[in-house]
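*Asks:*
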Amino acid sequence: MNLMLAVILYFSLAIFGLGLLLLLFLLIFKKSIKAALIIALIGLLVAAAPVGYQYYLSQKAAHEAQVKLEKREKSFNKHERQFLKHIKQATASTEYVAQKYTATWETLIKDGSVTIGDSTYTDNENAIAGEGRRLVAKGKLDDADNYYAIAQTDYESMKDYKTSHNKERLVYAKNVLAKTNAFILAATRPNSTYQDYADDIYKTNKSHVRAIDQLKNARSTAIN
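The numbering used here puts the first residue of the sequence shown at 1014, with every later residue one more than the last.
1. Please go through the same chain and pick out, in chain order, the residues whose beta-carbon is closer than 7 Å to the beta-carbon of P1203, but skip the five residues on each side of it.
2. Report yes if the CB atom of I1197 is closer than 8 Å to the CB atom of Y1161, and no otherwise.
3. For A1105, count neighbouring Cβ atoms within 10 angstroms of its own Cβ and tell me buried if that reaches 16, exposed if not.
4. If you follow the alpha helix (DSSP H) that Y1174 is in, where does it begin and where does it stop?
5. Looking at the structure shown, is T1128 part of a helix, part of a strand, or coil, going by DSSP?
6. If we ignore side chains and look at the alpha-carbon of each, how far apart do L1121 and H1221 end up?
7. Would you kindly check if the distance between the Cβ of K1192 and the Cβ of Y1168 is under 8 Å?
8. Just tell me which of N1230, L1190, D1226 and A1199 has its CA closest to the CA of K1216.
9. Let's see if you can read the secondary structure: which residues bound the alpha helix (DSSP H) around S1220?
Following this line, the structure appears as structure tokens:
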């Protein structure tokens, strides 16, 4: 309560107290109590005014805080939705690259050679390098990294609207970024054997999907 309201309140209470004392005095000596009642009533009414105004101010502040919180939540949800969209696109692009590398490897293992464009390869290193060049030529190899970079920007925007209600989802989103990045690195940068590559893809993808599901479940619970 500000100083002016406090002064009014205490002054009014003093008037009310004076009215009560006067009322008590008049009752004791059996005099007319009308004037004393009026004084006490005026004091009580004036004392109630700053209290009521303070209550109004507190309610107004609470309402404004709630509106502000709802706006922050709405903005967070918007960027979170975009985040999940771009993570999904990064995932699809990563899976596409993984399928191409896997198909090249499996053909080489099965047939002893693989033809990519105008070239035929009989060893793993050159065959995978050839597939990589074909993916680059099609503009597919960098798609996952590009979508991932956009998702990172979405995450930074989510951080700008962090509240006590969504801070847990922000932690989950950070985990999604980490797991998705691991999946992208494993899929788009093959540098081992076919079996190691397949194992890495399986493990990182499984971990990445679990992280996304965790965020989606938390989002669904919060919104519904």
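Glycine included, C-beta positions come from ideal geometry on N, C-alpha and C.
A quick note: this is a predicted structure, and the numbers were derived from the prediction, not measured.
*Replies:* So, from the listed chains and residues:
1. These residues qualify, in order along the chain: Y1114, I1141 and Y1210.
2. Closer than 8 Å, so yes.
3. Classification for A1105: exposed.
4. Counting along the chain, Y1174 sits inside no alpha helix (DSSP H), nor does DSSP assign it H or E at all.
5. Residue state, collapsed to three classes: strand.
6. Inter-residue distance for L1121 and H1221 is about 29 Å (C-alpha atoms, whole angstroms).
7. At a Cβ-Cβ threshold of 8 Å, Y1168 and K1192 do not count as neighbours.
8. Among N1230, L1190, D1226 and A1199, the Cα nearest to that of K1216 is on A1199.
9. Following the DSSP letters along the chain, one finds S1220 inside the alpha helix (DSSP H) bounded by residues Y1207 to I1236.
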